[in-house]
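Note that the sequence shown ends on residue 182 in this note's numbering; no numbers are left out.
From the three backbone atoms N, C-alpha and C, an ideal C-beta is built for every residue, glycine too.
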Amino acid sequence: MCRCSWAENNALMRAYHDTEWGKPVYDDRHLFELLILEGKQAGLSWQIILNRRQGLREALDNFNWKIIQYYTDDTLEKLRHDERLIKHKLKIKALRENAIAFEQVCIEYGTFCQYIWSFVDNQPIVNHWEHIGEVPVNSELSDKISRDLKKRGFKFVGSTIIYSYLQAIGIINDHLDHCAFK
């Protein structure tokens with residue numbers, strides 16, 4: 001079966017590619033989970049994040065932003081020493097900040113889903129690439145969303161992270177044209 005070349009490394013990457021990546025996500029909990037995971041990936045490989053995903057779910061209340069927004073400084077400090085997490089101090093601190101900002105977007109728009117999908121009028125962007133080298137790492141859309149998220153208080157939401165996030169949640173479909181999962 002033909003798939004995007006980056007997903008050929010191992011079973012976990014294949015499963016993520018085949019069942020999640022590029023498929024539209026409309027559930028706020030899942031949208032928050034992927035936003036946190038993408039932010040944690042900064043400077044790391046996606047393989048590392050996938051390997052730790054279940055542990056992150058367990059440690060972070062199943063990525064429930066309504067709980068995470070109330071984490072105390074003591075809770076965040078304990079998380080910095082949790083073996084299941086990426087221990088980067090600023091990434092740990094960003095958990096609470098992003099949960100608070102996420103909740104504010106939900107209050108303003110009804111759901112985060114309505115907010116994020118409004119940037120593309122609820123229609124995924126389907127790109128056509130022959131080779132992995134053609135796929136960009138950011139775009140005007142990711143620049144715009146990144147600026148807006150930062151203005152709202154989100155952390156670890158630079159344009160490259162947001163482009164990857166938009167791919168993960170199916171707003172941007174960057175499966176290669178030969179990929180069976182396009």
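When burial is assigned at 16 or more other CB atoms within 10 Å of the CB, is residue i buried or exposed?
i      : result
SER5   : exposed
ALA168 : buried
CYS113 : buried
HIS178 : exposed
HIS81  : exposed
LEU254 : The structure shown does not extend to residue 254, since the chain is modelled only from 1 through 182, so no value can be given for it.
TYR96  : With the sequence shown as reference, residue 96 is identified as Arg, and Tyr is not the correct amino acid for it. Result: buried.
In angstroms, rounded to a whole number, what distance separates the CA positions of residue i and residue j?
i      : j      : result
LEU12  : ILE49  : 11 Å
PRO136 : SER142 : 11 Å
HIS88  : ASP74  : 16 Å
TRP65  : GLU103 : 7 Å
GLY39  : ALA94  : 9 Å
LEU35  : ILE116 : 11 Å
TYR163 : VAL25  : 15 Å
ILE125 : PHE181 : 15 Å
GLU8   : GLU130 : 16 Å
ARG57  : HIS30  : 11 Å
GLU196 : LEU149 : In this structure the chain extends from 1 to 182, so residue 196 is not present and cannot be described.
ASN10  : GLY22  : 18 Å
Give the single residue among the options whose Cα lies nearest to the Cα of residue i.
i      : options                      : result
GLU33  : ASN10, LEU141, ILE67         : ILE67
ARG53  : VAL25, SER139, GLN104, LEU85 : LEU85
ILE132 : LYS23, ASP174, TRP21         : ASP174
DSSP three-state label for residue i, please.
i      : result
ASN173 : strand
ILE68  : helix
ILE86  : coil
VAL25  : coil
VAL137 : coil
Skipping 5 residues on each side, what residues in its chain have a beta carbon closer than 7 Å to that of residue i?
i     : result
ALA99 : TRP65, ILE68, GLN69
Considering only heavy atoms of the ligand MN, does any lie closer than 7 Å to the CB of residue i?
i      : result
ALA101 : In the structure shown, the ligand MN is absent, as is every other ligand, since no ligand is present at all.
Which residues in the same chain as residue i place their Cβ atom closer than 8 Å to its Cβ, once the five residues preceding and following it in sequence are excluded?
i    : result
CYS2 : HIS178, CYS179, ALA180
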